[in-house]
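To start, the structure itself, in structure tokens.
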Amino acid sequence: MDLSSYLLKPVQRISKYGLLLQDMLCECETGAHAGHERLEIQTALNIIQFQLRHGNDLLAMDDIQDCDVNLKEQGQLIRQDEFVLTFRKKKCYRHIFLFQDLILFSKTRRTDVGNDTYIYKQSFKTSDIGMTHNSGDSGLCFEIWFRRRKSQDTYILQAQSREVKENWTRDLERILWEQAVLNREIRMQERVFMGIGHKPFMDIQPSEMAINDRAINCAPTGRGGIPVLRLNSVGSASCTSSSGSQSSSCSGWGSTSSVGHLIGPSGGDVVRYVHGILEEDDLDQESGNQSALALDIGTWDLACQFNNTDHHTELNGTDRLIVRRGQAFTINLYLNSGSYQPGYSQLHITAETGPQPEEQYGTRAVLGLSDEIDDTRWSAAVSSPSGDTVCLSVCAAPDAPIGRYVLTLDGHIQFDFILLFNPWCPRDVVYMDSEEKLAEYVLAQDGIIFRGDVEYPVPLAWYFGQFEEGILDACLRILDMNPKHSRNPGKDCSGRRNVIYVTRVLSAMINSNDRDYGVLEGCWKDTFEGGVSPMSWRGSVQILRTWSSTSCLPVRYGQCWVFAAVACTVSRALGIPCRVVTNFYSAHDTNSNLVIERYLNEKGEIDSSTRDMIWNYHCWVESWMTRPDLPPGFDGWQASDPTPQEKSEGVFCCGPVPLRAIKEGELTFKYDAPFVFAEVNADLVHILKYNDGSTRKIVNEQKVGQKISTKSVGRDAREDITHLYKYPEGSAEERQVFEKANHQSKLHQQQAKPGLQITIKLSTGIRKGCDFDVFAIVTNNTEEDKKCRLVFASRAVSYNGVIGRECGFKDLLNLELAPGGERKVPLRLNYSQYCNNLTEDNLIRLGALLIDSSTKEAVMAMRDIVLDDPEIKIRILGEPKEKRKLAAELTLQNPLPETLQGCCFTIEGANLTGGSSITEKLESPIEPGQEAKVKIYFTPTQSGLCKLVVDFDSDKLGHVRGYKNVIIGK
Numbered sequence: 001m002d003l004s005s006y007l008l009k010p011v012q013r014i015s016k017y018g019l020l021l022q023d024m025l026c027e028c029e030t031g032a033h034a035g036h037e038r039l040e041i042q043t044a045l046n047i048i049q050f051q052l053r054h055g056n057d058l059l060a061m062d063d064i065q066d067c068d069v070n071l072k073e074q075g076q077l078i079r080q081d082e083f084v085l086t087f088r089k090k091k092c093y094r095h096i097f098l099f100q101d102l103i104l105f106s107k108t109r110r111t112d113v114g115n116d117t118y119i120y121k122q123s124f125k126t127s128d129i130g131m132t133h134n135s136g137d138s139g140l141c142f143e144i145w146f147r148r149r150k151s152q153d154t155y156i157l158q159a160q161s162r163e164v165k166e167n168w169t170r171d172l173e174r175i176l177w178e179q180a181v182l183n184r185e186i187r188m189q190e191r192v193f194m195g196i197g198h199k200p201f202m203d204i205q206p207s208e209m210a211i212n213d214r215a216i217n218c219a220p221t222g223r224g225g226i227p228v229l230r231l232n233s234v235g236s237a238s239c240t241s242s243s244g245s246q247s248s249s250c251s252g253w254g255s256t257s258s259v260g261h262l263i264g265p266s267g268g269d270v271v272r273y274v275h276g277i278l279e280e281d282d283l284d285q286e287s288g289n290q291s292a293l294a295l296d297i298g299t300w301d302l303a304c305q306f307n308n309t310d311h312h313t314e315l316n317g318t319d320r321l322i323v324r325r326g327q328a329f330t331i332n333l334y335l336n337s338g339s340y341q342p343g344y345s346q347l348h349i350t351a352e353t354g355p356q357p358e359e360q361y362g363t364r365a366v367l368g369l370s371d372e373i374d375d376t377r378w379s380a381a382v383s384s385p386s387g388d389t390v391c392l393s394v395c396a397a398p399d400a401p402i403g404r405y406v407l408t409l410d411g412h413i414q415f416d417f418i419l420l421f422n423p424w425c426p427r428d429v430v431y432m433d434s435e436e437k438l439a440e441y442v443l444a445q446d447g448i449i450f451r452g453d454v455e456y457p458v459p460l461a462w463y464f465g466q467f468e469e470g471i472l473d474a475c476l477r478i479l480d481m482n483p484k485h486s487r488n489p490g491k492d493c494s495g496r497r498n499v500i501y502v503t504r505v506l507s508a509m510i511n512s513n514d515r516d517y518g519v520l521e522g523c524w525k526d527t528f529e530g531g532v533s534p535m536s537w538r539g540s541v542q543i544l545r546t547w548s549s550t551s552c553l554p555v556r557y558g559q560c561w562v563f564a565a566v567a568c569t570v571s572r573a574l575g576i577p578c579r580v581v582t583n584f585y586s587a588h589d590t591n592s593n594l595v596i597e598r599y600l601n602e603k604g605e606i607d608s609s610t611r612d613m614i615w616n617y618h619c620w621v622e623s624w625m626t627r628p629d630l631p632p633g634f635d636g637w638q639a640s641d642p643t644p645q646e647k648s649e650g651v652f653c654c655g656p657v658p659l660r661a662i663k664e665g666e667l668t669f670k671y672d673a674p675f676v677f678a679e680v681n682a683d684l685v686h687i688l689k690y691n692d693g694s695t696r697k698i699v700n701e702q703k704v705g706q707k708i709s710t711k712s713v714g715r716d717a718r719e720d721i722t723h724l725y726k727y728p729e730g731s732a733e734e735r736q737v738f739e740k741a742n743h744q745s746k747l748h749q750q751q752a753k754p755g756l757q758i759t760i761k762l763s764t765g766i767r768k769g770c771d772f773d774v775f776a777i778v779t780n781n782t783e784e785d786k787k788c789r790l791v792f793a794s795r796a797v798s799y800n801g802v803i804g805r806e807c808g809f810k811d812l813l814n815l816e817l818a819p820g821g822e823r824k825v826p827l828r829l830n831y832s833q834y835c836n837n838l839t840e841d842n843l844i845r846l847g848a849l850l851i852d853s854s855t856k857e858a859v860m861a862m863r864d865i866v867l868d869d870p871e872i873k874i875r876i877l878g879e880p881k882e883k884r885k886l887a888a889e890l891t892l893q894n895p896l897p898e899t900l901q902g903c904c905f906t907i908e909g910a911n912l913t914g915g916s917s918i919t920e921k922l923e924s925p926i927e928p929g930q931e932a933k934v935k936i937y938f939t940p941t942q943s944g945l946c947k948l949v950v951d952f953d954s955d956k957l958g959h960v961r962g963y964k965n966v967i968i969g970k
């Protein structure tokens, strides 16, 4: 072999040297006397591994093409790897090279012979960049951003493995720290050369030759006329994440660069000019001038993990600062020089929210350092000062506007944070003094909504998901998209200090009837063209993400429980305690007369021309707050309704109104008390139109506002809260309320017992897919024979009271009843007749009308049937532990006498399915009586009690729901 071949041999064997050293390290003894030997072998192994990687890096560098940068002048090549690069919502693959002074982006191109070359795309000086260690939840992403560019110029780099990501962030952090130290040394040298440092040249004495006036004007200005210092940071100070539309200030480190503009404290402090840059002059402690000592802040840590946990926002993530008003949060400041001097050191702090921050509107706060935190207003204080570390505590006023904030320190250090309502703070108007209730009404990401019928409330599990990724940003965007913000953003942002105002905005913005970029579009038709059935939603997360990702186009479609559930999610995300309630037999009074009139003909058919309706059930939300705008005694739960029914102040919204105002008949109290009062107290009047044109009032015992329900605290059981809305029926207190509300129909209502009575009874075992009987029980309470006409009808009905097609009918013209006699009249309902008439609500309305042939008096009974869906059996396979893959075995038996096609199961759950739904389709049809069975795999992300929400869908059996509580261990 020639000389070059011999010289190449050691290089070719580097990888084998590494394997040899690894074997030696394994064989090396582990005793104390062998520690030095192991250390030497490990050091040799590290050198070999570095040289092997470095050699590959240099070979790759030689393959960079079309590069106009002199790479030999960029320092040592440290790393090179392939990444998925995200920039301004666009993704691509880039091969990235990290030099000591440069980061270079290239595109990999394979040659005809199979070798990789790298086409140069762009490069940036490492002195111009900052880094955020973590982006998103995958653990594979980090961010690179620029202080000298627009805030949206942020690059998200997704590594192929955690090891690659950690190696890159570690090396980048080292480079940025080294540059920060270098900048500091340069700055100190400049001070020495200018003769203004307080360490060197201390023996210089004052003289007439000394330069006494070195002040110059500062021209470049930032917000509010304050000169702004642009920063290079490791971690985050005021970085804006480009992922989604989400702005984030991340936990990490920040370091000031020597390039920028600084402003000194007020009072004419001397500034100096260095290389075209204005800097605040040092105040020489030795000279005795200690009246306003500025802190020389070099780096800082937002302590997001600590602060978010302390403020009950850690479930939103800890990659940015999210805090609550009326409670202090902590920022750790690390000084370049000097130390904090109590009584002398000063820090000028501003907190601003909205596009037009002003102090008079509460959207801008200016504060300095106090001796201690004052939780009644914006305040700041230094706690536990230690050398070059300053622990700064900042507290937002308990009535500060919620939203996105920018906090500025000394006019040049800025970072973002989000401020929320604080139900843990006694000074906040949303304060709730029960930890158990806070866990239920603020922190719980799932719950139960009641549907069905007053005789048969059906629990529906719902996934609120207020802490899932992107949901808080969507909620804040809802506030920004509301028309009041567009018309007057300053006034709107100021109004966000008021929970009443925010709740009213949410009530209007959850629906889109005002064409105002609202979240949901309602649909109460038989078909849902251009969207999906409201029954298909299992939670709020997909709805809010869809709305936010489609330029705020309304999501199609929603009905009352969906509107209420989304409003509950948004309220809880913003820090407002909230719950969904259901009012059975809920009145929709359009003419405000507290009377719902229904006209029937002699066949029992209802005239549908009136807009007044009785909904089988209706859902809205209650929010917890004080009401300083009302007389004392009306704090607590306030009802608001985001379902678009009637306009309030020109907008489709309703509330908030105190529950006590409804109970006491205080209909002049804000907001929309008459409408909510009617929903639970209106009088239902049925009027019979005879064939000859005459009319007569029908005796009917159906009552409005029954079994007002919500989920119990800490349990899935139904809690009846009717007593919070109304006094017991027939009580003296109820009559006083009706007098105050001028409810004339109720006041003049006759309670006389009719001579004829009718009720409706059901047979047992009623379920979807079977034939069954229902019965009209007719009783003659008089002492004479009666000949009557009985009309017994059944029709499909939607939950909002819209009558559908007939399911069964019987008309007995000559029903004879002896004095005191009783008749039981059956009506058969066959699946073959009702199967194609049912809506997704699975409701059939039964009506029995009894007319006395001699007196023309009429009595009526009405009852709704909920046809039970089959049960979904749910088994969890495996040990439920955090980060451990589990399987849900789902089984459903086909109860119908016909085959099911297009069957699929879908699961979803907070902290179970990663913020999205998982669907498994069945390949074969399910015959009558046959079981549909699947296994769906999921990985829990957090320990605790979780709800797995399950949905089954097919062509003939749609949206069968079930859920299972799962306790996830650590």
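Residue numbers (the UniProt record's numbering): 1 to 970. Heads up, the beta-carbon is just placed ideally off N, CA and C, and yes, glycines get one too. If you're wondering where the values come from, they're calculated on a predicted model, not measured in any experiment.
- Query: Closest by CA to V581, which one among F528, T643, R828?
  - Reply: In this structure, T643 is the residue among F528, T643, R828 with its C-alpha nearest to the C-alpha of V581.
- Task: Quick one: measure Cβ to Cβ for S586 and W615, integer angstroms, because I've assumed they're closer than 8 Å.
- Result: Contact flag correct, Cβ pair sits at about 4 Å.
- Query: If you run the structure through DSSP and keep just helix, strand and coil, what is D310?
  - Reply: Looking at D310 - three-state DSSP - the assignment turns out to be helix.
- Beta-bridge partners of R184, as assigned by DSSP: According to DSSP, which records beta bridges pairwise, R184 is partnered with nothing at all.
- Do you know how far the Cα of R805 is from the Cα of C788? A straight-line Cα-Cα distance of about 26 Å links C788 and R805.
- Query: What is the DSSP secondary structure of T108, counted as helix, strand or coil?
  - Reply: T108 falls in the strand class under three-state DSSP.
- Item | Of the listed residues K484, A180, R611, A397, nearest to D374 (C-alpha basis) | Closest option to D374, judged by alpha-carbon separation, among K484, A180, R611, A397: A397.
- Query: alpha helix (DSSP H) containing E664: first to last residue?
  - Reply: Its alpha helix (DSSP H) spans residues 659–664.
- At 4 residues or longer, and completely inside the segment 458–524: list those alpha helix (DSSP H) runs for me, N to C. Counting whole runs of 4 or more residues, the segment 458–524 contains the alpha helix (DSSP H) stretches 471–481, 483–487, 489–495, 499–509.
- Sub-7 Å separation of F146 and I119 beta-carbons: With respect to I119, F146 sits apart: the two C-beta atoms are not nearer than 7 Å.
- Taking DSSP as the reference, what is the three-state secondary structure of D453? Of the three classes helix, strand and coil, the one that applies to D453 here is strand, per DSSP.
- Query: With DSSP run on the structure shown, which of helix, strand or coil describes Y963?
  - Reply: Strand.
- Query: Who are the near neighbours of L140 in its chain, counting only those whose CB is closer than 6 Å to its CB and skipping five residues on each side?
  - Reply: Once the five neighbours on either side are set aside, the close Cβ partners of L140 are Q158, A159, K165.
- Message: Going by DSSP in three states, P674 sits in which element: helix, strand or coil?
- Response: In the three-state reduction of the DSSP assignment, P674 falls in the helix class, which pools H, G and I.
- Message: Once DSSP output is grouped into helix, strand and coil, what is the label at C770?
- Response: Residue state, collapsed to three classes: coil.
- Cβ-based burial, C26 [other Cβ within 10 Å; buried from 16]: Under a 10 Å Cβ-count criterion, C26 is classified as exposed, with fewer than 16 other Cβ atoms of the shown protein chains found around its own Cβ.
- Task: Can you give me the Cβ contacts of K689 inside the same chain, cut-off strictly under 6 Å, excluding the 5 residues immediately before and after it?
- Result: Y599, N601, T695, listed in sequence order.
- Message: To test your reading of the DSSP string, which unbroken beta strand (DSSP E) runs of 3 or more residues are found completely within the segment 896–957?
- Response: As far as the segment 896–957 is concerned, its whole beta strand (DSSP E) runs of at least 3 residues are 904–908, 918–921, 931–938, 944–953.
- Task: Go through its chain and collect everything with a Cβ distance to R545's Cβ below 8 Å, but skip five positions before and after it.
- Result: Excluding residues up to 5 positions away in sequence, G470, I471, A474 lie with their Cβ nearer than 8 Å to the Cβ of R545 in the same chain.
- Message: For W624, list the residues DSSP reports as bridge partners.
- Response: DSSP output for W624 lists W637 as bridge partner(s).
- Item | Rounded separation between R174 and S540 - CA only | Their backbone Cα atoms lie some 43 Å apart in a straight line.
- Message: Suppose you measure from the CA of E889 to the CA of L957; what does that come to, to the nearest Å?
- Response: When rounded, the separation of the alpha-carbon atoms in E889 and L957 is 20 Å.
- Message: I believe D296 touches G343 by the beta-carbon criterion, under 8 Å. Please report the beta-carbon distance rounded to the nearest angstrom.
- Response: The distance from the Cβ of D296 to that of G343 is about 18 Å, inconsistent with a contact at the 8 Å cut-off.
- With DSSP run on the structure shown, which of helix, strand or coil describes R805? Reduced to three states, the DSSP call for R805 is strand.
- In this structure, what does DSSP give as the bridge partners for G655? Looking at the DSSP assignment, G655 forms no beta bridge with any residue, so it has no partner.
- Message: Suppose you measure from the CA of K786 to the CA of G452; what does that come to, to the nearest Å?
- Response: K786 and G452: Cα-Cα distance of roughly 37 Å.
- DSSP state of P642 mapped onto helix, strand, coil: Residue state, collapsed to three classes: coil.
- Could you check if P357 is buried or exposed, using at least 16 other CB atoms within 10 Å of its CB as the buried criterion? P357 should be labelled buried.
- Message: What does the alpha-carbon distance come out to for the pair A351 and V382?
- Response: Straight-line spacing of the CA atoms in A351 and V382 works out to 17 Å.
- Query: Based on the DSSP output, what are the partners of Q122 in its beta bridges?
  - Reply: According to the DSSP secondary-structure assignment, Q122 is paired through a beta bridge with F105.
- Check Q346 in the structure and name its three-state DSSP category. Of the three classes helix, strand and coil, the one that applies to Q346 here is strand, per DSSP.
- Task: Determine contact between the segment 935–953 and the segment 912–919, defined as no fewer than three beta-carbon pairs at a distance below 8 Å.
- Result: Three or more Cβ pairs closer than 8 Å define a contact, and the segment 935–953 meets that threshold against the segment 912–919.
- Consult DSSP for P200 and reduce its assignment to one of helix, strand or coil. Residue placement at P200 is poorly supported in this model, since its pLDDT is 38, which falls under 50; the coordinates are not used for a value here.
- Spatial neighbours of S954 within its chain, please: CB distance less than 6 Å, with the 5 preceding and 5 following residues excluded, ordered by chain position. Here the set comprises L900, G902, C903.
- Could you check the C-alpha separation between P577 and G969 for me, to the nearest Å? Going from the Cα of P577 to the Cα of G969 covers about 27 Å.
- Comparing alpha-carbon positions, which option in D629, N336, E719, H348 lies nearest G447? Its Cα nearest to that of G447, the residue E719 stands out among D629, N336, E719, H348.
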